[in-house]
Amino acid sequence: MKVTVKSILDIKEILGGKRTIEIEIKNSANVFDVLQQLVCIYGESFENRVFEKDGSQKPEIVLFINGTTILAREGLETRMKSGDELLIFPPVGGG
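Next comes the structure, spelled out in structure tokens:
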């Protein structure tokens with residue numbers, strides 16, 4: 002099944018400058034599985050941007066599925082389904 006991954010700012014650059022990509026995932030994949038698949042595709046730069054050294058998600062990275070934060074669901078264990086959209090949102094600063 003396929004899901005869409007959207008990103009902005011530096012994460013977009015890590016994903017080859019593309020704001021939106023589509024990837025094929027396993028039927029039973031959860032958010033963590035999708036992120037690990039992106040690590041396999043985009044390497045250490047993606048891994049270091051999204052994960053801490055201990056493998057946990059960096060707290061400043063916010064993840065949404067279809068517009069709802071994963072914190073309102075089951076976190077990284079939230080199951081993905083075909084057609085879902087995962088937004089990887091890095092911190093935004095400015096003033």
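Residue numbers (our numbering): 2 to 96.
Quick reminder that beta carbons are idealized off the backbone N, C-alpha and C, glycines included.
This structure is a prediction, so every number in the text was calculated from the model and none was measured.
Cα-Cα separation, residue i to residue j
{"i": "Ile89", "j": "Ile15", "result": "12 Å"}
{"i": "Lys19", "j": "Ile9", "result": "9 Å"}
{"i": "Ile42", "j": "Leu64", "result": "19 Å"}
{"i": "Gly71", "j": "Ile62", "result": "Looking at the sequence provided, one finds Ile at residue 71 rather than Gly. Near 11 Å, if we compare the C-alpha coordinates of Ile62 and Ile71."}
Boundaries of the beta strand (DSSP E) in which residue i is found, first to last residue
{"i": "Ile22", "result": "21 to 25"}
{"i": "Glu86", "result": "86 to 90"}
Beta-carbon proximity of residue i to residue j, cut-off 8 Å
{"i": "Val4", "j": "Leu39", "result": "no"}
{"i": "Asn31", "j": "Glu86", "result": "no"}
message = My parser needs the alpha helix (DSSP H) runs of 4 or more residues fully inside the segment 5 to 76; what are they?
response = 10 to 15, 32 to 43, 45 to 51
Contact the segment 44 to 55 vs the segment 26 to 34: 3+ CB pairs below 8 Å = no
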